[in-house]
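There are 2 protein chains.
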Amino acid sequence: MRINAERLWEKLMQIAQIGGTPKGGVCRVTLTEEDRLGRDLFIKWCKEAHLSIEIDQMGNIFAKRAGKNPDLPAVLAGSHLDSQPTGGKFDGVYGVLAALEVIETLNENHIQTQHPIEIVSWTNEEGARFAPAMIGSGVFANQFSLEYAYARTDRTGETLGNALEKIGYKGTIPCGNRSYKAAFELHIEQGPILEAENKSVGIVTGVQGIRWYDLVLNGKETHAGPTPMSYRKDPVKAVLPILTRFYELTEIFADSKLTIGFLDAKPAIRNTVPSQLTVSVDFRHPDEQILTAIHQQATQIVESFSDKNGVTAQLLPIWYSPPVIFDEKCVQAVSEAVQKTGVSARKIGSGAGHDSVYLSKVVPTSMIFIPCKDGLSHNEAESAEKIDVANGTQVLLEAILKMAL
Amino acid sequence: MRINAERLWEKLMQIAQIGGTPKGGVCRVTLTEEDRLGRDLFIKWCKEAHLSIEIDQMGNIFAKRAGKNPDLPAVLAGSHLDSQPTGGKFDGVYGVLAALEVIETLNENHIQTQHPIEIVSWTNEEGARFAPAMIGSGVFANQFSLEYAYARTDRTGETLGNALEKIGYKGTIPCGNRSYKAAFELHIEQGPILEAENKSVGIVTGVQGIRWYDLVLNGKETHAGPTPMSYRKDPVKAVLPILTRFYELTEIFADSKLTIGFLDAKPAIRNTVPSQLTVSVDFRHPDEQILTAIHQQATQIVESFSDKNGVTAQLLPIWYSPPVIFDEKCVQAVSEAVQKTGVSARKIGSGAGHDSVYLSKVVPTSMIFIPCKDGLSHNEAESAEKIDVANGTQVLLEAILKMAL
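Chains as they are written, first to last, in numbering that gives the first Met the number 0: chain A, 0 to 404; chain B, 0 to 404.
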């Protein structure tokens, strides 16, 4: 039994036209009109596949195929339909439509599983309009309250609750308290490893931990001209040895990652020594103990920092997402599915957050990756090969069958 | 003959209420309603001192006291009345009102000089609303055309020409082509040297040269999670050794100054390696040859930069203001005025640009500095001692008399 690669590809290209950008990307930001149109099309396709639809209070969509035994818990597969403002054609939507392709394959082969199968599309995975990201799966997994989620606002002050209502996707079914046997999320890797190693599939064993900080240096705003260097409290000069040592930590601790996304100087005037510099710091590692060691060393680097002119430095932790280790049986099911499919694969950790991080707290969960071109994602140039898209979906089919038959 | 310190101080405090801020600073941005009110008040005071007023096409204000010999060129003194958006009570306005105090002192002592004396207030010294700065004196000194100046726009798209008309200060007298025997600009130091060395007055010998650059590094936008460090084109990591070496140049070349005002990452998202980093670089030195050497070494540091992952770096020069050496006779007049006044003083270079930089190209010019608290300027906390304000004004009186009697 083989999935239909062409049928899936056509759907991916068709839905990519909703919010399609001139550069070939997608702008289907959560709870916008484009998001509504994307959801509508997905539900239309689900109904054509004879699935029953439920929408919960967070706008998460569940499309169910009955099993032989209605008392057994369903097997879940899916991801999200929303995109970054300048996102690509595969991030999220691939995992949702691949799950639909699995069901269409089962339908045309007249195979009924013991367990029901459900597709899920989570609301606001990206967090591009409403922070935090992954809030639909987060409420589902009791990480946030429904009230908290509804009260999130976008830049215009619109609440997530209102936006859900406006597009007609504020459902009445309680969010959460659904029990599943297993859950699988198929996704592009959003990184370069599979492509570089020429592997078709990644068997995702977990998600690395993330620690976010603001590194804040306070100096003194001073005109660029008159003040000799020896009198200056210059936070830019002071940050250089700190950041140099931070990057050295990534050499000390293998597999660790450091991202400095911005360096925000105030007042950011060309001829003024900044009074303050705020640097975003994102450290990641798959091992909780090593991430803790990095945290301790980074903290010590900043605490032991001293500047003879009196610049002060603080490392303020603002978020910690502990490493996640995916369910052993789910990972095993994916490994066996890979073997059955006969594609090249490797075990891999996820660098990015996914709905599966939250879901794994309440449901046995794992993920499947396929390569994406140049590791690019959150980018209109995001791209994946049709053959990889097909192979990943075939592996998803086999993994679901392993759990649902 | 002594200037009246109280009379000057009262005027300074009175005009500081126009655009006065709750923190004790001043927001009297060029060609705003506040600027108009400040100009109106200044002109009212000039008329009370029996001065004749002329306004040129750039809105520069000239207030003239006749001399005994109408054929002799005038001696000029002044500065500017506009402020930064969060500026202080002394930057600019002190030099204008101190010149007025000099004239009021001459008036009450019934002293008529051989040469006429003029006060000038230049339009848009600060450049906070319309770039470039010092445009009124710049047009006067043939550095910019009148058309160029009129066409400058603020952030709302308003032109400088329209803004001049709106506040009623677009004069009809040609800008430039006025000949003077000498010009003096009295100003707060905007730096810490006089205060640190406990000197009352700075005899300004020139203005250091300034070289502005954009240091642009191009990397590759990458998600913070999945991409291993060894695959990343990270412009932040790449900039650290470059900036470290730039700061080392300030140790190699005594009296040089380096200011990094901002580091502008794109897209400036916490969990994304920036695709581009633009760093503002401001190098200054009073000696043209040394500033050239710094330019060459900085250029070489960037040109020899190589990153194994392919981040590219360019040092793009965007402005060069050569060092200025003030007129020897004017500097001598200030030195003699200092001796006559009996205050402590030192020779000093100006770190910041001033209208006198442009003016010195067409008129024999020099400047006088007084200390300001903590070297702070362009700041609502800008402050100067009443005694220093008085001493500087007394020195200005003596310098003017030296040239005008």
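Don't be surprised by glycine CBs; every beta carbon is placed ideally from N, CA and C.
- Residues of the stretch 210-225 of chain A that bring their beta carbon within less than 9 Å of a beta carbon in chain B comprise Trp211, Lys219, Glu220, Thr221, His222, Ala223, Gly224 and Pro225, in sequence order.
- The Cβ of Thr249 (chain A) sits closer than 7 Å to at least one Cβ of chain B.
- Per DSSP, the unbroken alpha helix (DSSP H) holding Val138 (chain A) starts and ends at Ile134 to Phe139.
- Put simply, of A:Thr112, A:Ala380, A:Leu163 and A:Val203 the residue whose alpha carbon is nearest the alpha carbon of Asp326 (chain A) is A:Val203.
- Residue environment analysis places Ser305 (chain B) among the exposed positions, since fewer than 16 neighbouring C-beta atoms fall within 10 angstroms of its C-beta.
- The criterion of a C-beta distance shorter than 7 Å is not satisfied by Asp153 (chain A) and Phe183 (chain A).
- A check of alpha carbon separations from Val215 (chain A) across A:Gln207, A:Lys169, A:Pro316 and A:Val272 identifies A:Pro316 as the nearest.
- With 16 or more neighbouring CB atoms inside 10 Å of its own CB, His186 (chain B) falls in the buried class.
- Boundaries around Gln331 (chain A) are those of the alpha helix (DSSP H), Glu327 to Thr340, since no beta strand (DSSP E) includes it.
- Within the stretch 348-379 of chain A, the complete beta strand (DSSP E) segments at least 3 residues long are 364-369, listed from N- to C-terminus.
- Taken in chain order, the members of the stretch 258-277 of chain B whose beta-carbon sits within less than 7 Å of a beta-carbon on chain A are Thr258, Ile259, Gly260, Phe261, Leu262, Ala264, Ala267, Ile268, Arg269, Asn270, Thr271, Val272 and Pro273.
- With 16 or more other Cβ atoms inside 10 Å of its own Cβ, Ala132 (chain B) counts as buried.
- Here Leu36 (chain A) carries a helix assignment [DSSP, helix/strand/coil].
- Gln207 (chain A) counts as buried, since at least 16 other C-beta atoms from the protein chains shown sit within 10 angstroms of its C-beta.
- Contact annotation: Ala62 (chain A) and Cys45 (chain A) have beta-carbon atoms nearer than 7 Å.
- Interface with chain A (7 Å Cβ-Cβ cutoff): Gly350 (chain B) is included.
- Within the stretch 367-394 of chain A, Gly374, Ser376, His377 and Asn378 place their CB atoms closer than 7 Å to a CB of chain B, listed in sequence order.
- Scanning the stretch 261-313 of chain A for uninterrupted beta strand (DSSP E) segments of 3 residues or longer gives 262-265 and 275-284, listed from N- to C-terminal end.
- In the structure shown, Phe183 (chain A) falls within a strand segment according to DSSP collapsed to helix, strand and coil.
- Classified as buried, Gln56 (chain A) has 16 or more neighbouring CB atoms from the shown chains inside 10 Å of its CB.
- Of A:Asn390, A:Leu404 and A:Lys401, the smallest CA-CA separation from Arg1 (chain A) is found for A:Asn390.
- By the Cβ criterion, the stretch 328-347 of chain B is not in contact with the stretch 145-159 of chain B, since fewer than three pairs of Cβ atoms, one from each stretch, lie closer than 8 Å.
- A direct Cα-to-Cα measurement between Ala150 (chain A) and Lys372 (chain A) gives close to 37 Å.
- Residues of chain A whose Cβ lies closer than 8 Å to the Cβ of Gln296 (chain B) do not exist, since the nearest Cβ in that chain is about 16 Å away.
- Under the criterion of beta carbons closer than 8 Å, Ile172 (chain B) and Glu287 (chain B) do not qualify as touching, at roughly 35 Å.
- Bounds of any alpha helix (DSSP H) do not take in Lys256 (chain A); it lies within the beta strand (DSSP E) bounded by Lys256 to Thr258.
- Distances from the alpha-carbon of Ser365 (chain B) to those of B:Gln331, B:Glu250 and B:Lys256 put B:Gln331 closest.
- A Cβ-Cβ distance of about 6 Å is found for the pair Asp90 (chain A) and Glu381 (chain A), placing them in contact under the 8 Å criterion.
- Phe41 (chain A) and Trp8 (chain A) have their C-alpha atoms some 14 Å from each other.
- Val101 (chain A) and Leu395 (chain A) have their C-alpha atoms spaced approximately 8 Å apart.
- Per DSSP, the continuous beta strand (DSSP E) segment holding Lys63 (chain A) begins and ends at Ile60 to Arg64.
- Taking the C-beta atoms as reference points, Thr29 (chain A) is found nearer than 7 Å to Asp81 (chain A).
- Listed along the chain, the chain B residues whose CB falls inside 8 Å of the CB of Val235 (chain A) are Leu242, Ile259 and Leu262.
- Contact of Gly309 (chain A) with chain B is not assigned, every C-beta pair being separated by 7 Å or more.
- If you draw a 10 Å sphere on the C-beta of Asn141 (chain A), you find fewer than 16 other C-beta atoms in it, and that means exposed.
- Tyr212 (chain B) places its beta carbon less than 7 Å from that of Val280 (chain B).
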